[in-house]
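Undergrad: For the sequence shown, my numbering begins at 3 and goes up steadily by one. Just so it is clear, CB atoms sit at the ideal spot from N, CA and C, and this is done for glycine as well.
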Amino acid sequence: MSKYIALPKGVAEVDFDKAIAEFKKILGAGNVLHTRERLAPYLKIMIPAPIEEHTPSAAIMPESVEQIQRILRVCNRYKTPVWPISTGKNFGYGSAAPATRGQIVLDLKRLNRIIEVDPDLCFAVVEPGVTYQQLYDYIKERNLPLWLDPPIPGPVASPLGNTVERGVGYTPYGEHFLFSCGMEVALANGDILRTGMGSMPNSNTWQVFKWGYGPSLDGIFTQSNFGIVTKLGIWLMPAPPAYKPFVVRYPDQADIVKAIETVRPLRIAQVIPNAGTVSNALWELAVANRREDLYTGAGAIPEATVAKLAKAHGVGSWNVYTALYGTEETIAEHWKIVTAAFKASGGTVLTQEDVGPDDPLFNYRRDVMRGEMTMREFGLYNWRGGGGSMWFAPVSQARGSETMKQMGLAKKVLNKYGIDYVGLFVIGWRDMHHIIDILYDRTLPAEMEKARSCYSELLDDFAREGYGVYRTNIDFMDKVAKLYGPVKASVNHKIKKALDPNGILAPGKSGIHR
Ligand code: ADP
């Protein structure tokens, strides 16, 4: 019996002992965790995979880049793999657990310095452990007219962690990687790379010009295991003088077509500038209710019941939440264009005045679309209860007929497994991130098995139609990588071998192994 709760693949316990001893020398014993008790925070996942397949062997917590470099030297010597996390929230994608059993979680939460916030050029430079809340407080305390763009887990998540995972938020800066500029990366051999202009000694243009000279490298450090990102520049939105959020509710399922056809031209032309959302009735209901209070029958909730519930609760079959940003004058002009378009499409346009001051769903969207900190969407986890959630997130064209087709594909599979279609489209520039929350009871093994099979089948059915997901959880990384084809996999593999010949960085991340 090993004294560890897991060991890295192919590493003998005596070697692991030596590596642990060296980590303790570098970090102090208190920052090297390897008992089950102390590893508990890294063992809690929401995806339907047995935790045994993703149990880490240890977790280590450096506080500087120099300590990371020393850790990497030890890892190369003993071939012990590390799985870097920033704040490790990543709910519904694997939380803080590694892709494969036995990896050491490299928890970067102690690297939590806000290096710089520039109020003129509107950017920040942050370390991995900085949370949205921390950056928000920093900006508020200094009274800077800058907005953040939090994703769903908002306050507790990390701008750096979310951006390297290519997450999204809901303001005009919603596509996080697009609005990042300049990375510092610790490579497996301990070299420190600064991307773009950051490679120039004494550069002060690192956070203002992305491309630098030669091949642009930032992208290869997102959703990847080619390096550990230790600093990130993010652009911040200047707070506009005026802001007008609104919702457009549509009564019928098929109205998604009209909704998207109306949104697309306005979004591409930047009349509507933000990554708003188009949520279905069950999403709205699930954020604010428990399923058993609304429906107790077996299987997925039938369409007719959803329609009745939507009516009773005053939500649309589809609900478009977007906003206008600018001055009172520009907003007044755009408001005419927007309301005319949505009314012509059969939607009911509602503002704060229409819904009143206390509508929790409206207020939640109002807040996230201006970068406020809220945890409201966590309400989804109470819908079923039992702690199970996994995001299925295929990319769609921003075209009504396409969203309709994807919804049909998804419902067919979900219904088969008795899982509700809790779906939302995030409005990209020309795409929609189709986000489906697979909510299930993780305390019931049969439910867990169903959710796992359901996800796998969704991937296959969507891939058959040419659709892929924008991101996946630690349990399906190999499968999704395979669906993206052999040439992509081969290029990834070559880069991996060149940058990390010992395979010490996050083996299995995005399906990339040594
Ligand atoms: P958040 O808490 O913001 O949701 P996480 O810290 O959970 O983000 O990070 C999400 C994923 O991104 C991790 O599982 C890991 O694969 C990757 N990741 C996070 N931080 C880094 C980093 N500093 N360098 C490289 N990859 C990272």
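Can you pull every residue whose C-beta falls closer than 5 angstroms to some heavy atom of the ligand ADP, listed in chain order?
TA: Pro86, Ile87, Ser88, Thr89, Gly90, Lys91, Asn92, Pro130, Ala159, Ser160, Gly163, Asn164, Val166, Glu167, Ile230, Val231
Undergrad: Would you list the residues sitting across from Leu485 in a DSSP beta bridge?
TA: Under DSSP, Leu485 takes part in no beta bridge, so it has no partner.
Undergrad: Specify the secondary structure class of Pro161 as computed by DSSP and reduced to three states.
TA: helix
Undergrad: Mind checking Lys27: buried by the 16 CB within 10 Å criterion, or exposed?
TA: exposed
Undergrad: Cα-Cα, which of Lys418, Thr82, Asp356 is closest to Pro304?
TA: Lys418
Undergrad: Does His36 come out as helix, strand or coil in the three-state DSSP assignment?
TA: coil
Undergrad: For the beta strand (DSSP E) containing Ala244, name the first residue and the last one.
TA: That run of the beta strand (DSSP E) goes 244 to 252.
Undergrad: Quick one: using the 10 Å Cβ neighbour count with 16 as the cut-off for buried, is Phe125 buried or exposed?
TA: buried
Undergrad: Runs of 4 residues minimum, wholly inside the segment 272 to 316: which ones carry the alpha helix (DSSP H) assignment?
TA: 283 to 290, 293 to 296, 305 to 315
Undergrad: Do Met185 and Asp151 come within 8 angstroms of each other at the CB atom, strictly closer than that value?
TA: Here Asp151 is not near Met185, since their CB atoms are 8 angstroms or more apart.
Undergrad: Quick one: what's Leu195 bridged to in DSSP?
TA: Under DSSP, Leu195 takes part in a beta bridge, and its partners are Val187.
Undergrad: Identify every run of the beta strand (DSSP E) within the segment 86 to 122, keeping only runs that are complete inside it and at least 3 residues long; order them along the chain.
TA: 106 to 109, 116 to 120
Undergrad: Between Phe228 and Asp502, which are expected to be in contact by the criterion C-beta below 8 angstroms, what is the C-beta distance as a whole number of angstroms?
TA: 7 angstroms
Undergrad: Distance, Cα to Cα, Val76 vs Asp17?
TA: 11 angstroms
Undergrad: Are Val170 and Glu177 closer than 8 angstroms when you measure CB to CB?
TA: yes
Undergrad: Are the segment 133 to 141 and the segment 193 to 208 in contact at 8 angstroms, needing three or more beta carbon pairs?
TA: no
Undergrad: Heavy atom of the ligand SAH less than 7 angstroms from the Cβ of Val397, yes or no?
TA: In the structure shown, the ligand SAH is absent; the only ligands present are the ligand ADP.
Undergrad: Would you kindly work out how many angstroms separate the C-alpha atoms of Leu180 and Ala277, rounded to a whole number?
TA: 13 angstroms
Undergrad: For Glu55, does the three-state DSSP call read helix, strand or coil?
TA: helix
Undergrad: Mind checking Lys499: buried by the 16 CB within 10 Å criterion, or exposed?
TA: Residue environment analysis places Lys499 among the exposed positions, since fewer than 16 neighbouring C-beta atoms fall within 10 angstroms of its C-beta.
Undergrad: How would you call Glu24, buried or exposed, if buried means at least 16 neighbouring beta carbons within 10 angstroms?
TA: buried
Undergrad: Quick check on Met392: does DSSP put it in helix, strand or coil?
TA: Reduced to three states, the DSSP call for Met392 is strand.
Undergrad: Taking Glu294 as the reference, give the member of Trp213, Asp422, Met406 with the closest Cα.
TA: Closest option to Glu294, Cα to Cα, is Asp422.
Undergrad: Assuming Gly301 and Ala244 make a contact with CB atoms under 8 angstroms, what is their CB distance in whole Å?
TA: About 47 angstroms; that fails the 8 angstroms criterion.
Undergrad: Tell whether a beta-carbon distance below 8 angstroms holds between Leu162 and Val231.
TA: yes
Undergrad: Over the uninterrupted beta strand (DSSP E) stretch that includes Asp62, give me the two end residues.
TA: According to the sequence provided, residue 62 is Ile. The question's Asp does not apply to it. First-last of the beta strand (DSSP E) with Ile62: 60 to 62.
Undergrad: Give the single residue among Pro100, Tyr457, Glu65 whose Cα lies nearest to the Cα of Glu55.
TA: Pro100
Undergrad: For Thr37, is the classification buried or exposed, using 16 other Cβ atoms within 10 angstroms of its Cβ as the cut-off for buried?
TA: exposed
Undergrad: Please state the DSSP three-state secondary structure of Ser455.
TA: helix
Undergrad: With DSSP collapsed to three states, give me the class of Leu148.
TA: strand
Undergrad: Does the segment 403 to 414 come within contact of the segment 443 to 453, defined as at least 3 CB pairs closer than 8 angstroms?
TA: no
Undergrad: Asp360: buried (16+ other C-beta within 10 angstroms of its C-beta) or exposed?
TA: exposed
Undergrad: Which class does Asn206 belong to by DSSP, given the choice of helix, strand or coil?
TA: coil
Undergrad: Residue range of the alpha helix (DSSP H) that Ile230 falls in?
TA: Careful: Ile230 lies outside any alpha helix (DSSP H), inside the beta strand (DSSP E) at 230 to 237.
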